[in-house]
Amino acid sequence: MIALLGQPPKKLLVMSDSMAQVVEWSPAITDERGKIYSNNRDYFEGPFFDDKGNFLYDELIPTRKLEDTVPSLEAGDREACLSFIKQMLAWLPEERKTDPFLN
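The sequence shown lines up with residues 1 to 103 when you count with the numbering used here.
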């Protein structure tokens, strides 16, 4: 997602940190080694961002950009398509384009 949308906004990271402190899985999950996890941050061995909001594992971010995903469209159509897609793929839910059809 970072490759496609750029770094997530600090607001989203703050919300994620808040959720990680209060959301516990019930029941907890046991992995194949027998280790028990009660939240997603522990299960996926987070955190994933530093205090400044930078992703800690840049080597995992592919070089492909959103603009690379629609190579078969003509320039004008490509820009219109990308504009539409970007409105739906916003990091923050309140910034995403929506439609009653999608509910």
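The beta-carbon is built from N, C-alpha and C at its ideal position, and this holds for glycine as well.
In this text, all values refer to a predicted model and were calculated from it rather than measured experimentally.
Candidates the options: closest to residue i by CA position
{"i": "Ala20", "options": "Asn39, Leu12, Gly34", "result": "Asn39"}
{"i": "Pro8", "options": "Leu56, Glu74, Asp68", "result": "Leu56"}
{"i": "Asp51", "options": "Asp99, Phe101, Trp91, Asp17", "result": "Asp17"}
{"i": "Glu67", "options": "Arg33, Ile36, Lys86", "result": "Lys86"}
{"i": "Phe49", "options": "Met15, Arg96, Thr98, Phe84", "result": "Met15"}
{"i": "Arg33", "options": "Tyr43, Arg96, Pro62, Asp58", "result": "Tyr43"}
{"i": "Met1", "options": "Phe101, Pro100, Trp91", "result": "Trp91"}
{"i": "Asp31", "options": "Glu45, Ile61, Leu82", "result": "Glu45"}
Contact check, residue i vs residue j, beta carbons under 7 Å
{"i": "Arg64", "j": "Ala3", "result": "yes"}
{"i": "Gly53", "j": "Lys10", "result": "yes"}
{"i": "Leu89", "j": "Leu13", "result": "no"}
Limits of the alpha helix (DSSP H) - the one that residue i falls within
{"i": "Asp68", "result": "Run containing Asp68: none; DSSP gives neither H nor E here."}
{"i": "Ser83", "result": "75-88"}
{"i": "Ser18", "result": "10-22"}
{"i": "Ala3", "result": "2-5"}
| task | Can you check the stretch 30-68 for any alpha helix (DSSP H) of at least 4 residues that lies completely inside it and give the ranges in chain order? | result | Runs found: 40-43.
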